[in-house]
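S.K.: Here it is, the structure in full.
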């Protein structure tokens with residue numbers, strides 16, 4: 124099930140309804156009335172979430188145990204703010220509404236939603252989610268940004284696993300709309316539904332998955348392409364630049380407008396996907412792809428790293444981030460995903 128948040132609505136239209144109760148009879152804040160968000164883990168993904176929530180007008184409290192994390196987080200927010208400003212900020216949105224907490228417990232003490240974005244290590248996430256569950260007010264949904272672990276594997280030690288969900292974003296979370304939401308075996312369906320509604324109210328496009336699949340949907344598709352690209356570099360069949368150009372100057376342009384399924388349906392002409400399958404279906408058995416991952420030996424490692432350095436052409440990471448952000452904004456505008464007020468609510 125796929126739903127889209129209010130990407131084309133003005134800030135006024137997406138503000139909370141002042142006539143609606145701030146909490147339900149059970150004491151749970153309705154998704155559209157959330158005002159205080161906690162972000163635990165403030166690296167590239169966690170920091171991206173912080174920037175997104177700030178731009179949408181939330182009060183954000185962040186915590187990350189890494190040395191210098193607070194300074195790095197504020198630099199990330201500052202770097203993202205021009206792009207977010209060009210999209211349109213929510214009324215009252217300000218980077219000054221960020222608080223960096225000294226402890227995890229302080230970060231979530233009065234949170235109405237928690238987004239966890241710790242490094243992708245199962246034991247770490249399992250322990251952290253248990254700590255978050257113990258410290259977060261009862262009933263508050265806790266979402267993990269994990270890029271591949273099923274929640275069933277992460278919620279095993281939490282006292283209340285019913286409120287733990289996956290809320291998987293895409294980098295950078297402050298620009299890419301998609302969030303994949305899925306619960307674990309011990310997650311309450313109401314928590315999944317609440318999380319989906321919250322992300323929608325925060326301007327995200329949400330896919331709610333009914334079944335747990337490692338890697339979810341988009342990452343599995345990305346991984347297949349990435350695996351094949353590595354094979355081609357390893358075998359000397361293509362350079363890093365060739366591979367990137369083959370996507371940005373080819374199917375990537377179509378994928379920005381519609382996905383691979385509809386793209387292939389159009390390839391079938393008036394007969395649509397049925398004609399496409401009848402005509403090209405047999406070629407699916409052709410040995411065009413290698414499903415097994417290549418050996419990431421020193422030679423392949425060096426080839427990929429050097430190729431990316433050459434493709435950057437002297438541009439720094441900051442330069443590339445700014446270029447990417449501006450490109451994403453232009454694509455969103457060109458494809459009608461943003462109205463005159465941008466993505467602000």
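Numbering (our numbering), first residue to last: 124 to 468.
By construction, the Cβ of each residue, glycine as well, lies at the ideal position given by its N, Cα and C atoms.
Just reading off the beta strand (DSSP E) that residue 293 is part of, what are its end residues?
M.R.: For the purposes of this step, residue 293 is taken as residue 170 along the chain shown, with counting starting at 1. Careful: residue 293 lies outside any beta strand (DSSP E) and carries neither H nor E.
S.K.: Closest by CA to residue 453, which one among 398, 298, 428, 317?
M.R.: Taking the first residue of the chain shown as 1, we reach residue 453 at position 330. Looking at the Cα atoms, 298 is the closest of the given residues.
S.K.: What number of angstroms, rounded off, separates the C-alpha of residue 72 from the C-alpha of residue 222?
M.R.: Since the first residue of the chain shown is 124 and the last is 468, residue 72 is not available in this structure.
S.K.: What are the residues that DSSP puts in a beta bridge with residue 186?
M.R.: Stepping through the chain shown from its first residue, residue 186 is reached at position 63. For residue 186, which the question treats as bridged, DSSP gives the partners 163.
S.K.: Of all the CB atoms in chain D, is at least one closer than 8 Å to the CB of residue 418?
M.R.: Absent here is chain D; the protein component of the structure consists of one chain.
S.K.: Beta carbon of residue 309, beta carbon of residue 345: below 8 Å?
M.R.: For the purposes of this step, residue 309 is taken as residue 186 along the chain shown, with counting starting at 1. For the purposes of this step, residue 345 is taken as residue 222 along the chain shown, with counting starting at 1. Not in contact: residue 309 and residue 345 (Cβ atoms no closer than 8 Å).
S.K.: Report all residues from its chain with a CB closer than 8 Å to the CB of residue 430; omit the five preceding and five following residues, and keep chain order.
M.R.: For the purposes of this step, residue 430 is identified with residue 307 of the chain shown, where counting begins at 1. Around residue 430: 356, 362, 363, 364.
S.K.: Measure the alpha-carbon distance for residue 256 versus residue 300 and round it to whole angstroms.
M.R.: The residue labelled residue 256 in the question sits at position 133 within the chain shown. The residue labelled residue 300 in the question sits at position 177 within the chain shown. Their Cα atoms are separated by approximately 27 Å.
S.K.: Going residue by residue through the segment 271-331, where are the continuous alpha helix (DSSP H) segments of at least 4 residues, counting only ones entirely within it?
M.R.: Segments of the alpha helix (DSSP H) lying fully in the segment 271-331: 274-277, 312-324.
S.K.: Just mark residue 176 as buried or exposed, buried being the case when its beta carbon has 16 or more other beta carbons within 10 Å.
M.R.: Locating residue 176 in the chain shown gives position 53, where the first residue counts as 1. Classification of residue 176: buried, given that the 10 Å Cβ count is 16 or more.
S.K.: From 403, 169, 248, pick the residue whose C-alpha is nearest to that of residue 273; which is it?
M.R.: Translated into the one-based positions of the chain shown, residue 273 becomes position 150. It is 248.
S.K.: Could you tell me which residues DSSP puts in a beta bridge with residue 236?
M.R.: Here residue 236 is taken as the residue at index 113 of the chain shown, counted from 1. Its beta-bridge partners are 160.
S.K.: Is residue 340 helix, strand or coil by DSSP?
M.R.: Residue mapping note: residue 340 aligns to position 217 of the chain shown, counting from 1. Correct three-state label for residue 340: coil.
S.K.: Rounding to the nearest angstrom, what Cα-Cα distance links residue 152 and residue 320 in this structure?
M.R.: Residue mapping note: residue 152 aligns to position 29 of the chain shown, counting from 1. Residue mapping note: residue 320 aligns to position 197 of the chain shown, counting from 1. The straight-line gap from Cα to Cα measures roughly 12 Å.
S.K.: Tell me, please, which residues DSSP counts as bridged to residue 267.
M.R.: As a working mapping, residue 267 is identified with position 144 in the chain shown. DSSP output for residue 267 lists 239, 289 as bridge partner(s).
S.K.: Buried or exposed: which applies to residue 148, given that a residue is buried once 16 or more other Cβ atoms fall within 10 Å of its Cβ?
M.R.: Counting from 1 along the chain shown, the entry for residue 148 is found at position 25. Here the model assigns residue 148 a pLDDT of 41, short of 50, so the residue's position is not dependable, and the following value carries that caveat. With fewer than 16 Cβ atoms within 10 Å of its Cβ, residue 148 is classed as exposed.
S.K.: Less than 8 Å between the beta carbons of residue 252 and residue 287, yes or no?
M.R.: Against the chain shown, residue 252 aligns to sequence position 129. Against the chain shown, residue 287 aligns to sequence position 164. In this structure, residue 287 lies closer than 8 Å to residue 252 by Cβ.
S.K.: For residue 451, which residues from the same chain have a beta carbon less than 6 Å from its beta carbon, with the 5 sequence-adjacent residues on both sides left out?
M.R.: Within the chain shown, residue 451 is the residue found at index 328, counting from 1. Contacts found: 298.
S.K.: Of the residues 375, 403, 211, 330, which one's Cα is nearest the Cα of residue 348?
M.R.: In the chain shown, counting from the first residue as 1, residue 348 sits at position 225. The shortest Cα separation from residue 348 among 375, 403, 211, 330 belongs to 375.
S.K.: Specify the secondary structure class of residue 212 as computed by DSSP and reduced to three states.
M.R.: Stepping through the chain shown from its first residue, residue 212 is reached at position 89. Residue 212 falls in the coil class under three-state DSSP.
S.K.: Skipping 5 residues on each side, what residues in its chain have a beta carbon closer than 7 Å to that of residue 168?
M.R.: Your numbering for residue 168 matches position 45 in the chain shown. Around residue 168: 240, 268, 292, 294, 296.
S.K.: Going straight from the alpha carbon of residue 157 to that of residue 326, what length do you get?
M.R.: Within the chain shown, residue 157 is the residue found at index 34, counting from 1. Within the chain shown, residue 326 is the residue found at index 203, counting from 1. The alpha-carbon atoms of residue 157 and residue 326 are separated by roughly 13 Å.
S.K.: Starting from residue 222, follow the alpha helix (DSSP H) in both directions and report where the run begins and ends.
M.R.: Within the chain shown, residue 222 is the residue found at index 99, counting from 1. Taken as a continuous stretch (DSSP letters only), residue 222 belongs to no alpha helix (DSSP H), being part of the beta strand (DSSP E) at 221-223.
S.K.: Quick check on residue 381: does DSSP put it in helix, strand or coil?
M.R.: Walking along the chain shown from the start, residue 381 turns up at place 258. Residue state, collapsed to three classes: coil.
S.K.: Between which two residues does the alpha helix (DSSP H) containing residue 455 stretch?
M.R.: Numbered from 1 along the chain shown, position 332 holds the residue referred to as residue 455. Note, residue 455: alpha helix (DSSP H), 440-457.
S.K.: So, at 8 Å on beta carbons, what are the nonlocal neighbours of residue 315 in its own chain, with the 5 sequence-adjacent residues on each side left out?
M.R.: Within the chain shown, residue 315 is the residue found at index 192, counting from 1. Result list for residue 315: 288, 304, 305, 306, 331, in chain order.
S.K.: Quick one: what does DSSP say residue 419 is sitting in, helix, strand or coil?
M.R.: Locating residue 419 in the chain shown gives position 296, counting from the first residue. Of the three classes helix, strand and coil, the one that applies to residue 419 here is coil, per DSSP.
S.K.: Excluding five sequence neighbours on each side, which residues of the same chain lie with their C-beta closer than 8 Å to the C-beta of residue 416?
M.R.: Position 293 of the chain shown, counted from the start, is the residue given in the question as residue 416. Correct list, in chain order: 350, 353.
S.K.: So, at 7 Å on beta carbons, what are the nonlocal neighbours of residue 154 in its own chain, with the 5 sequence-adjacent residues on each side left out?
M.R.: The residue given as residue 154 occupies position 31 in the chain shown. Excluding positions up to five away in sequence, the list reads 317, 320, 321, 324.
S.K.: In the DSSP assignment, find the unbroken alpha helix (DSSP H) run with residue 369 in it and report its ends.
M.R.: The residue given as residue 369 occupies position 246 in the chain shown. Element bounds for residue 369: 363-371.
S.K.: Taking all protein chains shown into account, do 16 or more other C-beta atoms lie within 10 angstroms of the C-beta of residue 170, making it buried, or fewer, making it exposed?
M.R.: Locating residue 170 in the chain shown gives position 47, counting from the first residue. It is buried - the Cβ of residue 170 has at least 16 other Cβ atoms within 10 Å.
S.K.: Does residue 339 pass the burial test, meaning 16 or more other C-beta atoms within 10 Å, or should it be called exposed?
M.R.: Along the chain shown, read from residue 1 onward, the residue named residue 339 stands at position 216. The residue is buried, with at least 16 neighbouring Cβ atoms inside 10 Å.
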